[in-house]
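Residue numbers (numbering that gives the first Met the number 0), protein chains in the order written: chain A, 0 to 323; chain B, 0 to 323.
C-beta atoms are modelled at their ideal positions from N, C-alpha and C, and glycine is treated no differently.
Bear in mind that the values here come from a model prediction, so they are computed numbers and not experimental data.
Notes to accompany the following structure.
There are 2 protein chains.
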Amino acid sequence: MSLPESDKAYPIEHPPDTLVFELTILGSNAAIPAHNRHPTAQFLQIDQHCFLIDCGEGTQMQMSKFKIRPNRIHHIFISHLHGDHYLGLMGLISTMHLYQRTEDLHLYGPVGLSEILTAQLKYSDTRLSYPLHFREVDTEARQLIFENEILTVETIPLRHRIRCAGFLFREKPKKRRLRKEVLPADISLAHIAALKKGLDVKDAQGNVVMENEAYTLPPRKSRSYAYCSDTRYHEELVAQIRNVDLLYHESTFLDEEAGRASETFHSTARQAAAIARMAGVERLLLGHYSSRYKDLNPFLEEARCVFEASVLSVEGESVVVPEE
Amino acid sequence: MSLPESDKAYPIEHPPDTLVFELTILGSNAAIPAHNRHPTAQFLQIDQHCFLIDCGEGTQMQMSKFKIRPNRIHHIFISHLHGDHYLGLMGLISTMHLYQRTEDLHLYGPVGLSEILTAQLKYSDTRLSYPLHFREVDTEARQLIFENEILTVETIPLRHRIRCAGFLFREKPKKRRLRKEVLPADISLAHIAALKKGLDVKDAQGNVVMENEAYTLPPRKSRSYAYCSDTRYHEELVAQIRNVDLLYHESTFLDEEAGRASETFHSTARQAAAIARMAGVERLLLGHYSSRYKDLNPFLEEARCVFEASVLSVEGESVVVPEE
């Protein structure tokens, strides 16, 4: 089977010597697809690690449209089992199988996800070409669910009609950067490692021969992304997401529908902005728009009245979190 | 919740006094969506009765694109539980619920469908706004699964890797048509009914006063549509679909891939045409194209060498079966 899609050409240039941290919107709408907007899905790349966050119906077609190859993804995080957040998952899993994937795929989601997918695999008599791993997520407590050499993923308990967790992606603290232009050419690997850790280089007698600050620059920023969908407005969330670089907070409604938002355990754009402001985040990304709204500009205007650094989720567009 | 879609405006004019019999293609591709083609789904309207046949991922978006309102559908037929034939069903069911549907919805499909959907409804904590009925279909034997005043639906056992049934939609025999221009103005309803049944009108003494053939025309044709996907080439199918007006027979591959077709329990365009020819059908509709093919013209050319009245499934296009 040939792979018709090529890797995505990044629309935004990343400065040299910095790591990619880029979120691409695949679906931005709430429950009913409308106005050419699709149910929720986001593709997150941090360095070479690719994650899918939620996977509404049609996600594999959106990935194909935006030239993201399914087999780049090794970890998929599902916030909750309302259909607009996971109904594209079985199709994507199946397509990966038809592409003869062999690498492991890890799924993180609430109780029930494994049962549903296992039944679907059973009745289609599918023995996947690759290992599929389920990790059941506790949606009631903060939990470390993924860790590799450069980042962690933790759950964020949310308040929705059914069990629902957001996800916090955080880069680990980074090492100090070497000032290559002032380093001696014959410096040893051990000394380089010491400098990167913030230590001075000492001679055999314990005298400082290279003062750390003269040879290094401070570490680059450890960036973070908090994904919060779906949730009612609740201020306890603030402590969970304080100071993140990028916050996605659902904004299903405008504030004129605050009553309906509360009844259905959703939020308004103004409420999302209020949370962003209280949490002191760098940037707020709105999304999960109700199909009753065709024009999204009122969402942006409403949010910016409370929190200026607000942007809209737009399918096919990416948000880059800078490292500097 | 407002209904943004309006009813479909028929692209083809139906003659007056005839009933609609029109099939609209919503998805035409095999397992992996590609080349802007979607997994299988078809919308069939016979008179005012609307049916959905298979429901691959994205069917509800395709319906929205082609202006077919979900709530027009009361019966959905699922041929088998490979994802490309049913993964759009849960999303469609959910959208009908969000549109606050109240009318019954009937699902027909193989064992497993009810278990999968029931689990999905349970974990999303959805109590549907309308009654949902499951009818488990025996895929091994011809079975009458639906009947109303004007038509029947029967299963067609197919040969695929898993349990799979096609569906035969047939209009019931119709009544004779009145020649209104020669009918006396004072004719009674009882006499009209007798004429439509093909009887002569007699007086009290039993003498024929209106000879049927002078006052009526023969009934219009009872039309039929056979949906056969997915299936390996097998000639036992011919007896099941003899003389239908329209046959959809899957053509996943071109004949150069006949070996692969056989291994995967699929058919080639030439094989579909051979079945159509042996069964003496009026017209053959090809579809379920493998994603390896971008250009579909070779399918049409290959089929027409064997069976001239072959056409391609094209998404958004309709095939009308004439009543005359």
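Output yes or no for whether 8 Å exceeds the beta carbon distance between D53(B) and H74(B).
Stepping through the second sequence from its first residue, residue 53(B) is reached at position 54. Stepping through the second sequence from its first residue, residue 74(B) is reached at position 75. No, Cβ-Cβ distance for D53(B) and H74(B) is not below 8 Å.
Helix, strand or coil: which one does DSSP assign to V110(B)?
Within the second sequence, numbered from 1, the residue matching residue 110(B) stands at position 111. In the three-state DSSP reduction, V110(B) falls in the coil class, being neither helix nor strand.
Only counting the same chain, and skipping five residues up and downstream in sequence, which positions put a Cβ closer than 6 Å to that of A308(A)?
Taking the first sequence and counting its residues from 1, one reaches residue 308(A) at position 309. In its chain, beyond the 5 residues on either side, R282 have a beta carbon closer than 6 Å to the beta carbon of A308(A).
Between the CA atoms of G165(A) and Y110(A) - distance to the nearest angstrom:
Taking the first residue of the first sequence as position 1, residue 110(A) is located at position 111. Taking the first residue of the first sequence as position 1, residue 165(A) is located at position 166. Residue identity differs from the one stated: residue 110(A) is Val in this sequence, not Tyr. In a straight line, the C-alpha of V110(A) is about 15 Å away from that of G165(A).
Stretch-stretch touch, CB-based, cutoff 8 Å, three pairs: the stretch 158–173 of chain B with the stretch 221–234 of chain B:
The answer is yes - the stretch 221–234 of chain B touches the stretch 158–173 of chain B, with three or more Cβ pairs under 8 Å.
Smallest Cα separation from A193(A): which of P183(A), M209(A), I144(A)?
For the purposes of this step, residue 193(A) is taken as residue 194 along the first sequence, with counting starting at 1. Selected option, being the one with the closest Cα: M209(A).
At a CB distance below 8 Å, what residues from the stretch 153–166 of chain A approach chain B? Give them in sequence order.
For the stretch 153–166 of chain A, residues whose beta-carbon sits nearer than 8 Å to a beta-carbon of chain B comprise R160, I161.
Other residues of its chain near L94(B): CB distance less than 8 Å, five sequence neighbours each side excluded
One-based indexing of the second sequence puts residue 94(B) at position 95. In the sequence as presented, Leu is not what sits at residue 94(B); that position holds Thr. In chain order, Q59, P69 place their CB closer than 8 Å to the CB of T94(B), counting only its own chain and leaving out the 5 sequence neighbours on each side.
So, P217(A) versus K174(A), is the Cβ gap smaller than 8 Å?
The residue given as residue 217(A) occupies position 218 in the first sequence. The residue given as residue 174(A) occupies position 175 in the first sequence. Not in contact: P217(A) and K174(A) (Cβ atoms no closer than 8 Å).
Indicate whether at least one CB of chain A lies closer than 8 Å to the CB of P217(B).
By one-based count along the second sequence, residue 217(B) stands at place 218. No - not a single Cβ of chain A is within 8 Å of the one on P217(B).
Check this for me: beta carbons of L285(B) and F298(B), under 8 Å apart or not?
Locating residue 285(B) in the second sequence gives position 286, counting from the first residue. Locating residue 298(B) in the second sequence gives position 299, counting from the first residue. Contact annotation: L285(B) and F298(B) have beta-carbon atoms nearer than 8 Å.
Kindly list the residues whose CB is nearer than 6 Å to the CB of V280(A), restricted to its own chain and excluding five residues on each side of it in sequence; keep chain order.
For this step, residue 280(A) is matched to residue 281 along the first sequence. Setting aside the 5 residues that flank it on each side, V280(A) is surrounded in the same chain by V243, L246, each with a C-beta closer than 6 Å to its C-beta; the list follows chain order.
If the cut-off is 7 Å on Cβ atoms, which residues from the stretch 87–110 of chain B count as contacting chain A, listed in chain order?
Within the stretch 87–110 of chain B, the qualifying residues are G87, M89, G90, S93, T94, L97.
Note down, in chain order, every chain B residue with its Cβ under 7 Å from the Cβ of H287(A).
Start at 1 with the first residue of the first sequence, and residue 287(A) comes out as number 288. Residues of chain B whose Cβ lies closer than 7 Å to the Cβ of H287(A) do not exist, since the nearest Cβ in that chain is about 14 Å away.
If you compare alpha carbons, which of M89(A), P130(A), K121(A) is closest to E102(A)?
Mapped onto the first sequence, residue 102(A) falls at position 103. The residue with the shortest Cα to Cα distance from E102(A) is P130(A).
Pull out every residue of the stretch 116–148 of chain A whose Cβ sits closer than 9 Å to any Cβ of chain B, in chain order.
Correct list: A118, Q119, K121, Y122, S123, D124, T125.
Whole angstroms is fine: what's the gap from Y224(B)'s alpha carbon to E255(B)'s?
Along the second sequence, read from residue 1 onward, the residue named residue 224(B) stands at position 225. Along the second sequence, read from residue 1 onward, the residue named residue 255(B) stands at position 256. Using only the alpha carbons, I get a separation of about 28 Å.
Can you tell me whether K201(B) is helix, strand or coil according to DSSP?
Sequence index remark: in the second sequence, residue 201(B) carries index 202 (1-based). Looking at K201(B) - three-state DSSP - the assignment turns out to be strand.
Please report the residue range of the alpha helix (DSSP H) in which I191(B) lies.
On the second sequence, position 192 is the one that residue 191(B) refers to. Residues 188–195.
Distance CB(Q61(A))-CB(L25(A)) smaller than 8 Å
Indexing the first sequence from 1 puts residue 61(A) at position 62. Indexing the first sequence from 1 puts residue 25(A) at position 26. By the CB criterion at 8 Å, Q61(A) and L25(A) fall inside the cutoff.
Can you tell me the Cα-Cα spacing of H81(A) and F264(A), whole angstroms?
Indexing the first sequence from 1 puts residue 81(A) at position 82. Indexing the first sequence from 1 puts residue 264(A) at position 265. Rounded to whole angstroms, H81(A) to F264(A) spans 13 Å at the Cα level.
Candidates T154(B), R126(B), F145(B), N147(B): which alpha carbon is nearest E139(B)'s?
The sequence position of residue 139(B) within the second sequence is 140, counting from 1. Between E139(B) and the set T154(B), R126(B), F145(B), N147(B), the nearest pair of CA atoms involves T154(B).
What three-state label does DSSP hand P183(A) in the structure shown?
Numbered from its first residue, the first sequence carries residue 183(A) at position 184. Coil at P183(A), not helix or strand.
How far does the beta strand (DSSP E) with Q324(B) in it extend, from its first residue to its last?
Residue 324(B) lies beyond the range of chain B shown here (0 to 323); nothing can be said about it.
Can you have a look at V318(B) and say buried or exposed, based on whether 16 or more other CB atoms are within 10 angstroms of its CB?
One-based indexing of the second sequence puts residue 318(B) at position 319. With 16 or more other Cβ atoms from the protein chains shown falling within 10 Å of its own Cβ, V318(B) counts as buried.
Within 8 Å of any Cβ in chain B, is that where the Cβ of G82(A) sits?
Your numbering for residue 82(A) matches position 83 in the first sequence. Residue contact with chain B for G82(A): present (Cβ-Cβ distance below 8 Å to some residue of chain B).
With a threshold of 8 Å on Cβ separation, who are the neighbours of R276(B) within its own chain once the five nearest residues in sequence on each side are excluded?
On the second sequence, residue 276(B) is found 277 positions in, with the first residue counted as 1. Only V305, F306 meet the Cβ criterion.
L299(A) by DSSP, collapsed to three states: which one?
Along the first sequence, read from residue 1 onward, the residue named residue 299(A) stands at position 300. Reduced to three states, the DSSP call for L299(A) is helix.
Mind listing the chain A neighbours of S63(B)? Cutoff is C-beta to C-beta under 8 Å, in chain order.
Along the second sequence, read from residue 1 onward, the residue named residue 63(B) stands at position 64. Listed along chain A, the residues sitting closer than 8 Å to S63(B) by beta-carbon distance are P32, A33.
Neighbour list for G315(A) in chain B, Cβ cutoff strictly below 7 Å:
Start at 1 with the first residue of the first sequence, and residue 315(A) comes out as number 316. Chain B residues near G315(A): none, gap ~15 Å exceeds 7 Å.
Taking the beta strand (DSSP E) that V19(B) falls in, what are its first and last residues?
Counting from 1 along the second sequence, the entry for residue 19(B) is found at position 20. Membership of V19(B) in any beta strand (DSSP E) is not indicated, and neither H nor E is assigned to it by DSSP.
Do E56(A) and E148(B) count as a contact pair if the criterion is CB distance below 8 Å?
Position 149 of the second sequence, counted from the start, is the residue given in the question as residue 148(B). Position 57 of the first sequence, counted from the start, is the residue given in the question as residue 56(A). By the CB criterion at 8 Å, E148(B) and E56(A) fall outside the cutoff.
Excluding the 5 residues flanking C49(A) on each side, which residues of the same chain have their C-beta closer than 6 Å to its C-beta?
Within the first sequence, the letter at position 50 stands for residue 49(A). Apart from sequence neighbours up to five positions away, the residues of its chain that approach C49(A) with a beta-carbon distance below 6 Å are R71, I72, ordered along the chain.
Beta bridge counterpart(s) of R134(A) as assigned by DSSP
Locating residue 134(A) in the first sequence gives position 135, counting from the first residue. Answer by DSSP bridge pairing, in chain order: Y107(A).
First through last residue of the beta strand (DSSP E) which encompasses E146(A)
Taking the first residue of the first sequence as position 1, residue 146(A) is located at position 147. Looking at the DSSP string, the run of the beta strand (DSSP E) that includes E146(A) is 143–146.
For E322(B), which of R222(B), E234(B), E314(B), H248(B) has the nearest alpha-carbon?
For the purposes of this step, residue 322(B) is taken as residue 323 along the second sequence, with counting starting at 1. When only C-alpha atoms are compared, the closest one is R222(B).
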